[in-house]
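Participant:
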């Protein structure tokens with residue numbers, strides 16, 4: 006009695022679902038039995054007995070079949086079905102979560118006891134749906150509305166919300182409400198609501214959060230620093246202690262953006278992010294380094310750096326403990342000043358340092374060492390052999406030095422070695438013995454400096470010196486050749502003048518002159534290489550020059566090779582000798598044609614190269630400035646790397662005998678250098694070559710705009726306003742002082758001038774010229790003098806002449822360029838210039854042009 010009253014007091018589950026009834030089948034069965042009975046009663050007695058027995062037999066057989074089906078499980082009695090339904094209902098009734106079932110119209114058809122209790126219902130008449138039971142707060146109303154909407158649409162949804170005061174307790178509670186659709190076998194759709202009180206679960210979560218907040222607060226104000234960084238080096242956590250040491254505001258740090266490079270200067274940051282380990286392992290390293298405060302000052306610390314590695318070998322975020330080791334720091338660490346200084350110097354040194362064991366395997370290294378050998382060590386140096394870092398050909402040499410260091414030798418010479426990895430990199434190694442080190446495995450110390458850049462500069466300087474020496478030699482040889490060729494050409498002119506075309510010797514004389522002219526062209530190429538030829542520069546737009554030259558270039562290339570000219574837009578002006586520039590482009594184009602015997606394509610480009618692009622090339626022979634570039638590209642056989650540094654040397658050629666002089670590229674090199682430009686070569690064997698010529702941009706000034714124009718050889722410098730008309734009368738009068746140290750050339754030159762009516766006084770040197778001038782009482786109309794002579798050169802002779810007669814006219818004759826000696830002349834000095842070798846006609850024209858009235 007007491008139990009039933011208690012159950013009634015707390016309420017029972019409400020079930021309004023319709024159950025199928027079997028009374029109709031009972032009535033039908035009764036009617037059938039009565040009908041059969043009346044039917045048997047109306048039969049004759051003998052038939053009645055037989056019918057009764059048949060009916061009884063039918064019922065017996067039907068009963069036996071029903072029992073058989075029931076035993077086989079084919080037929081179920083309503084008692085068993087009700088038992089299963091009762092079990093399911095019992096589970097729902099006793100569930101700790103509230104369960105509510107509504108039909109499609111929203112009418113409640115079932116609610117368990119837990120639901121009634123959670124909603125504060127005291128009986129069936131007090132039952133309410135979820136929408137009506139949980140109301141009041143706007144947030145709760147919105148949540149119940151979304152749940153009801155999901156129930157009507159046949160969807161699943163879960164919501165959690167807090168109610169400030171919920172009957173019957175009247176205290177704040179948290180609820181989790183779920184809604185889901187179900188469908189009965191009959192096809193009837195219903196909605197199931199589940200309501201759970203999660204107040205205690207939320208309280209546990211809040212307690213855990215508060216404990217976590219306390220732990221973070223303890224970590225923030227611990228007497229040691231702490232930070233965490235991801236594999237890219239970005240700091241994801243920094244405690245308040247370390248932030249205070251580094252003078253960072255944690256509120257500002259919360260926005261992110263602080264990296265290891267910001268707080269760990271120099272090599273310290275890369276040292277912590279380049280460590281590697283086995284997959285699935287946890288690695289802890291100890292570093293003594295300097296951290297950088299926000300104001301730029303440094304702070305000595307010891308780091309306990311821990312990283313866990315995933316199964317694929319990828320590192321996770323680091324966990325790093327920071328111990329301050331400066332003045333006033335924690336003395337319980339057993340701080341030793343010498344040890345701290347050494348560790349700081351070791352890790353922050355730009356010099357790569359490592360120690361090796363007796364097998365030359367690396368025991369300890371600093372960050373600079375790891376960075377220098379990153380290509381060969383793959384982020385991990387410890388345990389690797391030192392010999393893995395250098396080319397195989399240099400390993401024996403390093404092995405000998407290592408053994409000397411292990412034997413205690415202190416006077417070990419350094420060694421150069423090529424490094425393993427991309428590019429041609431090299432380094433210099435020093436070895437020193439270990440004297441009583443703490444680590445017994447350490448047998449020697451290795452110091453390494455990257456010498457790649459130094460080696461490249463050395464090679465460039467050596468190549469430059471070699472080219473300069475070859476140029477000096479070529480210039481000297483060309484000077485002597487000019488004297489010899491000048492004599493041959495003048496002698497040939499005399500012979501041509503004394504022989505008629507029908508003379509048997511006339512063709513031989515013409516052959517001598519033709520070959521002398523060819524030799525003179527070769528000498529000019531030598532002078533171009535040595536940068537001592539005469540240039541007549543003028544302001545030029547390279548697009549125009551290339552366009553004018555393209556027709557000739559196409560004839561030179563032939564039918565198998567096509568020419569493509571790409572003009573740069575708004576090209577800057579340059580100042581070059583147009584004839585020499587055309588020779589440069591022609592030489593490069595012919596070389597490109599010869600590199601494509603089976604045909605191909607030559608591309609000539611012009612473009613502006615601003616100072617930013619020139620600086621990015623980082624070439625010592627290309628100072629930062631604005632340039633105009635001319636590129637000649639082919640898709641031929643390319644240049645083998647072994648001979649790439651020799652292609653500009655005079656007489657170096659890869660062509661067959663008689664097919665090349667070896668002076669084409671040397672001429673190009675000399676002309677470009679004398680113009681003030683640079684030439685670069687990029688070639689891939691089997692793919693092609695690109696020659697890049699960089700000519701300095703001309704910046705016009707007011708002074709340059711008013712400069713007098715250049716004049717042709719043989720014209721007086723003072724008469725630079727306009728060129729003289731061609732001289733047809735080669736005869737004349739006047740006294741000429743001819744100064745030439747080459748006797749044969751002097752004799753033929755004098756003979757030429759005398760034959761044209763001039764009086765000639767000969768002198769073999771500057772001193773002889775002054776003596777002859779005194780004997781002639783300074784009565785000289787013109788001086789024709791060589792530049793390079795023993796005892797007294799041409800410029801010195803001119804100075805002495807000016808002391809005696811300031812109006813004396815002079816023509817300098819030289820195989821070198823006018824600019825080679827003009828810079829040594831007094832400012833404003835006027836003179837004419839005749840380059841060697843010269844013909845008889847050129848000599849007479851130069852003399853007549855400068856004789857004056």
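Residue numbers (our numbering): 6 to 858. C-beta atoms are modelled at their ideal positions from N, C-alpha and C, and glycine is treated no differently.
With a Cβ-Cβ cutoff of 7 Å, do residue 199 and residue 238 count as a contact?
Facilitator: Here the question's residue 199 lines up with position 194 in the chain shown. Here the question's residue 238 lines up with position 233 in the chain shown. No, they are not a contact pair.
Participant: Out of 689, 644, 701, which has the shortest C-alpha to C-alpha gap to residue 576?
Facilitator: Along the chain shown, read from residue 1 onward, the residue named residue 576 stands at position 571. The candidate whose alpha carbon is nearest that of residue 576 is 701.
Participant: By alpha-carbon positions, which one of 410, 371, 365 ends up nearest to residue 393?
Facilitator: Taking the chain shown and counting its residues from 1, one reaches residue 393 at position 388. Ranking the options by Cα distance to residue 393, first place goes to 365.
Participant: So, is residue 253 buried or exposed, given that buried needs 16 or more other C-beta atoms within 10 angstroms?
Facilitator: Along the chain shown, read from residue 1 onward, the residue named residue 253 stands at position 248. With 16 or more other Cβ atoms within 10 Å, it is buried.
Participant: Assuming the contact rule is C-beta atoms closer than 8 Å, residue 551 and residue 609 should be a hit. Round their C-beta distance to whole Å, please.
Facilitator: Position 546 of the chain shown, counted from the start, is the residue given in the question as residue 551. Position 604 of the chain shown, counted from the start, is the residue given in the question as residue 609. That belief holds up - the Cβ atoms of residue 551 and residue 609 are roughly 6 Å apart, short of 8 Å.
Participant: When we look at the beta-carbon of residue 704 and count the other beta-carbons within 10 Å, is it buried (16 or more) or exposed?
Facilitator: In the chain shown, the residue the question calls residue 704 occupies position 699. Residue 704 should be labelled exposed.
Participant: Short of 8 Å in beta carbon distance, which residues of its chain neighbour residue 4, apart from the five on each side in sequence? Order them along the chain.
Facilitator: Given a span of 6 to 858 for the chain in the structure shown, any question on residue 4 remains unanswerable.
Participant: Who are the Cβ neighbours of residue 102 in its own chain at under 7 Å, not counting the five residues just before and after it?
Facilitator: Residue mapping note: residue 102 aligns to position 97 of the chain shown, counting from 1. Here the set comprises 119, 199, 200, 201.
Participant: Please list the terminal residues of the continuous alpha helix (DSSP H) segment that includes residue 144.
Facilitator: Taking the first residue of the chain shown as 1, we reach residue 144 at position 139. Start and end: 143–157.
Participant: In its own chain, which residues sit with a C-beta less than 7 Å from the C-beta of residue 564, not counting the 5 before and 5 after it?
Facilitator: Numbered from its first residue, the chain shown carries residue 564 at position 559. Hits under 7 Å: none found.
Participant: Count the other CB atoms, across all protein chains shown, that sit within 10 Å of the CB of residue 353; report buried if there are 16 or more and exposed otherwise.
Facilitator: Your numbering for residue 353 matches position 348 in the chain shown. Buried, since its Cβ has 16 or more Cβ neighbours within 10 Å.
Participant: Which residue marks the beginning of the beta strand (DSSP E) containing residue 591, and which one marks its end?
Facilitator: Sequence index remark: in the chain shown, residue 591 carries index 586 (1-based). Here residue 591 belongs to no beta strand (DSSP E); instead the alpha helix (DSSP H) covers 583–599.
Participant: List the whole-angstrom C-beta distance separating residue 155 from residue 168, where the pair is believed to meet the contact cut-off of C-beta under 8 Å.
Facilitator: Taking the first residue of the chain shown as 1, we reach residue 155 at position 150. Taking the first residue of the chain shown as 1, we reach residue 168 at position 163. Between residue 168 and residue 155 the Cβ distance is about 20 Å, and since that is not below 8 Å, they are no contact.
Participant: Would you kindly work out how many angstroms separate the C-alpha atoms of residue 305 and residue 297, rounded to a whole number?
Facilitator: Locating residue 305 in the chain shown gives position 300, counting from the first residue. Locating residue 297 in the chain shown gives position 292, counting from the first residue. One C-alpha to the other measures close to 9 Å.
Participant: Can you tell me where the alpha helix (DSSP H) holding residue 392 begins and where it ends?
Facilitator: Here residue 392 refers to the residue found at position 387 of the chain shown. It is not in any alpha helix (DSSP H) - residue 392 carries neither H nor E in the DSSP assignment.
Participant: For residue 289, which of helix, strand or coil comes out of DSSP?
Facilitator: Working through the chain shown from its first residue, we reach residue 289 at position 284. Note: residue 289 maps to strand in three-state DSSP.
Participant: Assuming residue 569 and residue 518 make a contact with CB atoms under 8 Å, what is their CB distance in whole Å?
Facilitator: The residue labelled residue 569 in the question sits at position 564 within the chain shown. The residue labelled residue 518 in the question sits at position 513 within the chain shown. The pair is not a contact, with the Cβ atoms about 41 Å apart (cut-off 8 Å).
Participant: Given a threshold of 16 other Cβ atoms within 10 Å of its Cβ, counted over all protein chains shown, does residue 49 qualify as buried or as exposed?
Facilitator: Within the chain shown, residue 49 is the residue found at index 44, counting from 1. By the 10 Å Cβ count, residue 49 comes out exposed.
Participant: Smallest Cα separation from residue 224: which of 594, 685, 242?
Facilitator: Translated into the one-based positions of the chain shown, residue 224 becomes position 219. Of the listed residues, the one whose Cα sits closest to residue 224 is 242.
Participant: Which residues mark the beginning and the end of the beta strand (DSSP E) in which residue 616 is found?
Facilitator: Here residue 616 is taken as the residue at index 611 of the chain shown, counted from 1. No beta strand (DSSP E) contains residue 616, which is instead part of the alpha helix (DSSP H) from 616–622.
Participant: Compare the beta carbon distance of residue 771 and residue 794 with 7 Å and say whether it is the shorter of the two.
Facilitator: Reading the chain shown from its first residue, position 766 is the one you call residue 771. Reading the chain shown from its first residue, position 789 is the one you call residue 794. Yes, the pair counts as a contact, with Cβ atoms nearer than the cut-off.
Participant: Name the two residues that bound the continuous beta strand (DSSP E) containing residue 567.
Facilitator: Along the chain shown, one-based indexing puts residue 567 at 562. Taken as a continuous stretch (DSSP letters only), the beta strand (DSSP E) holding residue 567 covers 566–571.
Participant: Measuring only the C-alpha atoms, how far is residue 33 from residue 203?
Facilitator: The sequence position of residue 33 within the chain shown is 28, counting from 1. The sequence position of residue 203 within the chain shown is 198, counting from 1. Computed Cα separation, rounded: 54 Å.
Participant: Helix, strand or coil: how does DSSP classify residue 520 here?
Facilitator: Reading the chain shown from its first residue, position 515 is the one you call residue 520. Residue state, collapsed to three classes: helix.
Participant: Grouping DSSP H, G and I as helix and E and B as strand, with all else coil, what is residue 167?
Facilitator: For the purposes of this step, residue 167 is taken as residue 162 along the chain shown, with counting starting at 1. Correct three-state label for residue 167: strand.
Participant: Any idea what DSSP makes of residue 185, helix, strand or coil?
Facilitator: Counted from its first residue, the chain shown places residue 185 at position 180. Three-state DSSP puts residue 185 in a strand.
Participant: If you follow the alpha helix (DSSP H) that residue 324 is part of, which residue opens it and which one closes it?
Facilitator: On the chain shown, position 319 is the one that residue 324 refers to. No alpha helix (DSSP H) holds residue 324; the beta strand (DSSP E) holding it covers 320–329.
Participant: Contact between the region 773–789 and the region 804–814: three or more CB pairs below 8 Å?
Facilitator: Because the criterion of three Cβ pairs below 8 Å is met, the region 773–789 and the region 804–814 touch.
Participant: Where does residue 574 sit, in a helix, a strand or coil, going by DSSP?
Facilitator: On the chain shown, position 569 is the one that residue 574 refers to. Three-state result, residue 574: coil.
Participant: Which residue marks the beginning of the alpha helix (DSSP H) containing residue 801, and which one marks its end?
Facilitator: The residue given as residue 801 occupies position 796 in the chain shown. From DSSP, the alpha helix (DSSP H) with residue 801 extends over 799–809.
Participant: Short of 6 Å in beta carbon distance, which residues of its chain neighbour residue 652, apart from the five on each side in sequence? Order them along the chain.
Facilitator: What you label residue 652 is simply residue 647 of the chain shown in a count that begins at 1. 670.
Participant: Would you call residue 228 buried or exposed, if buried means 16 or more other Cβ atoms sit within 10 Å of its Cβ?
Facilitator: For the purposes of this step, residue 228 is identified with residue 223 of the chain shown, where counting begins at 1. Looking at its Cβ environment, which holds fewer than 16 other Cβ atoms inside 10 Å, residue 228 is exposed.
Participant: Near residue 41, what residues of its chain come up, given a Cβ to Cβ distance below 7 Å and the 5 sequence neighbours on each side ignored?
Facilitator: Counting from 1 along the chain shown, the entry for residue 41 is found at position 36. Excluding positions up to five away in sequence, the list reads 60.
Participant: Exposed or buried, residue 104, counting other C-beta atoms within 10 Å across all chains shown (16 or more means buried)?
Facilitator: As a working note, residue 104 is residue 99 in the chain shown. By the neighbour-count rule (16 or more Cβ atoms within 10 Å), residue 104 is buried.
Participant: Quick check on the burial criterion: 16 or more other C-beta atoms within 10 angstroms. Buried or exposed for residue 226?
Facilitator: As a first step, residue 226 must be located in the chain shown, where it is residue number 221. By the 10 Å Cβ count, residue 226 comes out exposed.
Participant: Under 8 Å by Cβ, that's how I've got residue 508 and residue 542 pegged, so tell me the actual separation to the nearest angstrom.
Facilitator: Locating residue 508 in the chain shown gives position 503, where the first residue counts as 1. Locating residue 542 in the chain shown gives position 537, where the first residue counts as 1. Actually they do not touch by this definition, with Cβ atoms about 44 Å apart.
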